[in-house]
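Read in order, the letters of the sequence shown are residues 1 to 135 in the UniProt record's numbering. Cβ coordinates follow ideal geometry from the N, Cα and C atoms, glycine included. Structure first, then comments.
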Amino acid sequence: MNEDLYTDITPDEDAGLIAEKLALRFNQSINQTVKHLDTNRIEEVAKIVKECTTIYVYGLGASHIVAEDFTQKFTRIGKSVVNTVDHHLMASAMINASGPCMFVAISNSGETKEVLKLAQIAKQKKVSYDWDYAI
């Protein structure tokens, strides 16, 4: 096995070696993800998503890019998704929510104050299900 594959990518490195390193890291990530997946939890979440008429999704900074991607993908399958970078608008939308809906908070650190406040509002309004789970 080529030990160079396990080193960091360096400037002026051969493009072929960079491609191999990226492929190795990608495959390792997929294998680790599969190992930790809880299929029962996935089925539970899929059922909730199916029942929801509206999904509220929020992320700030780089997490907003993930929220935008989430919005695009779920809108393509026919779900109504509310996504805005303005946490005040998101709070107003959730406070006035009706019907079965859910809130998806996206935060790399899990400590973003706007995300935590919106999660608190979602729980108070019962916009989110009571999960002890975070991705």
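Inset, instruction - Go ahead and label Asp33 buried or exposed: buried means 16 or more other beta carbons lie within 10 angstroms of its beta carbon, across all protein chains shown. - result: Reading off the sequence shown, one finds Thr at residue 33, where the question assumed Asp. Looking at its Cβ environment, which holds fewer than 16 other Cβ atoms inside 10 Å, Thr33 is exposed.
Inset, instruction - Report the residue from Leu60, Val82 and Ala97 whose alpha carbon sits nearest the alpha carbon of Glu111. - result: Leu60
Inset, instruction - Quick one: grab the DSSP three-state call for Val127. - result: coil
Inset, instruction - Would you decide whether Glu114 is buried or exposed? Buried here means 16 or more other CB atoms lie within 10 Å of its CB. - result: buried
Legend entry - Residue range of the unbroken alpha helix (DSSP H) whose run includes Val45: Thr39 to Glu51
Legend entry - Closest residue to Ala46 among Leu118, Ser109, Leu22 and Ile77 (Cα-Cα distance): Ile77
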